[in-house]
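Inspection log for the structure reproduced underneath, given as structure tokens.
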Amino acid sequence: MTSLLTPPLTPSAAVDPLDLRILHALQLDGRAPFRRIADVLGVSDRTVARRFDRLRGSGVARVTVVPDSSRTGQAEWLVRLRVLPDVAPAVADALARRPDTPWVCLVSSGTEIVCLFRTMDGAPAPLAGLTRRQGVVHADAQRLLRHLTGHRRPAGDGTPVALTDLDRRLLPALAFDGRAAYPQLARTVGWSESAVRRRLEELRESRTIRFDVATDPRLFGYSAQCLLWLSVTPSRIASVAGALADDPGTTFVGATSGPHQLLAVMVYRDDMALYDYVNERIGALDGVRSVETAVVTRYAGPFGLLLGAIPAGRGS
Numbered sequence: 052m053t054s055l056l057t058p059p060l061t062p063s064a065a066v067d068p069l070d071l072r073i074l075h076a077l078q079l080d081g082r083a084p085f086r087r088i089a090d091v092l093g094v095s096d097r098t099v100a101r102r103f104d105r106l107r108g109s110g111v112a113r114v115t116v117v118p119d120s121s122r123t124g125q126a127e128w129l130v131r132l133r134v135l136p137d138v139a140p141a142v143a144d145a146l147a148r149r150p151d152t153p154w155v156c157l158v159s160s161g162t163e164i165v166c167l168f169r170t171m172d173g174a175p176a177p178l179a180g181l182t183r184r185q186g187v188v189h190a191d192a193q194r195l196l197r198h199l200t201g202h203r204r205p206a207g208d209g210t211p212v213a214l215t216d217l218d219r220r221l222l223p224a225l226a227f228d229g230r231a232a233y234p235q236l237a238r239t240v241g242w243s244e245s246a247v248r249r250r251l252e253e254l255r256e257s258r259t260i261r262f263d264v265a266t267d268p269r270l271f272g273y274s275a276q277c278l279l280w281l282s283v284t285p286s287r288i289a290s291v292a293g294a295l296a297d298d299p300g301t302t303f304v305g306a307t308s309g310p311h312q313l314l315a316v317m318v319y320r321d322d323m324a325l326y327d328y329v330n331e332r333i334g335a336l337d338g339v340r341s342v343e344t345a346v347v348t349r350y351a352g353p354f355g356l357l358l359g360a361i362p363a364g365r366g367s
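Rendered as structure tokens:
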């Protein structure tokens, strides 16, 4: 069985300034027609399509949909599994194949797996089946209460949206490939192309969903990735989250339940850079009581990508 763990970055996946401009354009509108992007960049639409297909085929960039869980009624759970290293890859691969886990990674040299579950109608994370797997020694789940990097993009108004049967089929398909063509989406969900097109436009117009460009940070010169679990004084959560979100290496910040109030995903160039960041940057933030770091060993999934998007300030 082929492993879904992220492969080493190959020379064929290297990017140049035009690739970065294409990714930045897609960050602004993940479903923008290639012809429109080509007109802005002054190249042919075939060039744009070919460039993006190469990046996507290499497993280092893709467009994915991110639903506003506060509106859709979905619950997002951060699950941490303590595992024996010899079974970690198999467990991570199994999790990555599930339609309800858009993000899976191995951390701490494969002794722990961290993943994100999206469950419908506020259902709890399905921990029972996970803890029965051989080699899983402990499981912990905390609710992801709010995405705190959303100030970079327009957000919805918080009005609840009643998901339809079409939505429940469409959202997983778009999470896998946010640029899937309408005929392909129609075949996948079993609805007419006109219905799929109309519903997708409605979801976008109401800001129930947004599109992100998920990338391999090595494209931008970052060689390593880290999860930061922060314990923060309640009155300082917003200010600490805002400070972290503004840092160029931060790809995601979220508020969580449990003993830690914030989770941040960041990229860095080497161990010294991580040390300096934790010691000098996080150590200087008022309200941070403690921080737990977990270095990402590998990502799992069809593309093995980050929870967040293009590192801030690096896509233009």
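Using our numbering, read the sequence shown as starting at 52 and increasing by one per residue.
Quick reminder that beta carbons are idealized off the backbone N, C-alpha and C, glycines included.
Every value quoted in this text rests on a predicted model; they were computed, and no experiment measured them.
Contained alpha helix (DSSP H) runs [length at least 4] in the region 232–259, N- to C-terminal order: Given a length threshold of 4 residues, each whole run of the alpha helix (DSSP H) inside the region 232–259 is given here in chain order: 233–240 and 244–256.
Those residues which DSSP pairs with A112 across a bridge: Here the question's residue 112 lines up with position 61 in the sequence shown. Partner(s): T266.
Integer-rounded CB distance, given that R230 should sit under 8 Å from G108: The residue given as residue 108 occupies position 57 in the sequence shown. The residue given as residue 230 occupies position 179 in the sequence shown. The Cβ separation is near 13 Å, so there is no contact.
Sub-8 Å separation of L254 and V316 beta-carbons: Here the question's residue 254 lines up with position 203 in the sequence shown. Here the question's residue 316 lines up with position 265 in the sequence shown. It is not a contact, given that the beta carbons lie outside the stated cut-off.
Residue environment, H202, which counts as buried when at least 16 other CB atoms sit within 10 Å: The residue labelled residue 202 in the question sits at position 151 within the sequence shown. A caution first: H202 carries a pLDDT of 45, below 50, which makes its placement in the model unreliable, though a value can still be read off. With fewer than 16 Cβ atoms within 10 Å of its Cβ, H202 is classed as exposed.
Where the alpha helix (DSSP H) through T182 begins and ends: Here residue 182 is taken as the residue at index 131 of the sequence shown, counted from 1. Note, T182: alpha helix (DSSP H), L178 to T182.
Spatially closest choice to A294 from P285, L77 and A335, by CA coordinates: Here residue 294 corresponds to residue number 243 of the sequence shown, with the count starting at 1. If we check each option's Cα against that of A294, A335 comes out closest.
Rounded straight-line distance, which links the Cα of A174 to that of A296: Within the sequence shown, numbered from 1, the residue matching residue 296 stands at position 245. Within the sequence shown, numbered from 1, the residue matching residue 174 stands at position 123. Roughly 29 Å separates the two Cα atoms.
Residue closest to D298, alpha-carbon to alpha-carbon, out of P285, R269 and Y328: Locating residue 298 in the sequence shown gives position 247, counting from the first residue. Looking at the Cα atoms, Y328 is the closest of the given residues.
Beta-carbon proximity of T307 to L196, cut-off 8 Å: The sequence position of residue 307 within the sequence shown is 256, counting from 1. The sequence position of residue 196 within the sequence shown is 145, counting from 1. Yes, these two residues count as a Cβ contact at 8 Å.
Touching by the beta-carbon criterion (3+ pairs, under 8 Å), the region 157–165 and the region 249–269: The region 157–165 makes no contact with the region 249–269, as fewer than three CB pairs between them are under 8 Å.
Limits of the unbroken beta strand (DSSP E) element including I288: Looking up residue 288 in the sequence shown gives position 237. Premise fails: I288 lies in the alpha helix (DSSP H), I288 to A296, not in any beta strand (DSSP E).
Cβ-based burial, E127 [other Cβ within 10 Å; buried from 16]: By 1-based counting over the sequence shown, the position of residue 127 is 76. Under this definition E127 is a buried residue.
Those residues which DSSP pairs with H189 across a bridge: As a working mapping, residue 189 is identified with position 138 in the sequence shown. In the DSSP output, where bridge partners are listed per residue, H189 has R133.
Exposure of D218, with buried meaning 16 or more beta-carbon neighbours within 10 Å: Start at 1 with the first residue of the sequence shown, and residue 218 comes out as number 167. That one is buried.
Contacting residues, own chain, Cβ-Cβ under 6 Å from T284 (five flanking each side not counted): The residue labelled residue 284 in the question sits at position 233 within the sequence shown. Cβ within range, chain order: G338.
Residues near D70 in its chain [Cβ-Cβ closer than 6 Å; skip 5 each side]: For the purposes of this step, residue 70 is taken as the residue at position 19 of the sequence shown. Sequence-distant partners of D70 (beyond 5 residues in either direction) whose C-beta falls short of 6 Å from its own C-beta, in its chain, are R102.
Between the CA atoms of L314 and L281 - distance to the nearest angstrom: Numbered from 1 along the sequence shown, position 230 holds the residue referred to as residue 281. Numbered from 1 along the sequence shown, position 263 holds the residue referred to as residue 314. Rounded to whole angstroms, the gap between the alpha carbons of L281 and L314 is 6 Å.
Coil, strand or helix - A147 by DSSP: Here residue 147 is taken as the residue at index 96 of the sequence shown, counted from 1. Helix at A147.
Buried versus exposed call for G180 [16 or more other C-beta atoms within 10 Å across all chains shown]: Taking the first residue of the sequence shown as position 1, residue 180 is located at position 129. G180 comes out exposed.
Beta carbon of R133 nearer than 8 Å to that of V188: For this step, residue 133 is matched to residue 82 along the sequence shown. For this step, residue 188 is matched to residue 137 along the sequence shown. Contact flag set, yes.
Cβ neighbours of N330 in the same chain (closer than 6 Å, five flanking residues each side left out): Numbered from its first residue, the sequence shown carries residue 330 at position 279. There are no such residues.
Identity of the residues DSSP links to A275 by a beta bridge: Here residue 275 is taken as the residue at index 224 of the sequence shown, counted from 1. Y319.
Start and end residues, alpha helix (DSSP H) containing R86: Indexing the sequence shown from 1 puts residue 86 at position 35. R86 -> alpha helix (DSSP H) spans F85 to L92.
Pair within 8 Å by beta-carbon distance, A350 and C156: Sequence index remark: in the sequence shown, residue 350 carries index 299 (1-based). Sequence index remark: in the sequence shown, residue 156 carries index 105 (1-based). The amino acid occupying residue 350 in the given sequence is Tyr; Ala does not appear at that position. Taking 8 Å as the Cβ cut-off, Y350 and C156 qualify as a contacting pair.
Cβ-Cβ separation, I260 to V114 (assumed contact under 8 Å), whole Å: As a working mapping, residue 114 is identified with position 63 in the sequence shown. As a working mapping, residue 260 is identified with position 209 in the sequence shown. About 12 Å; that fails the 8 Å criterion.
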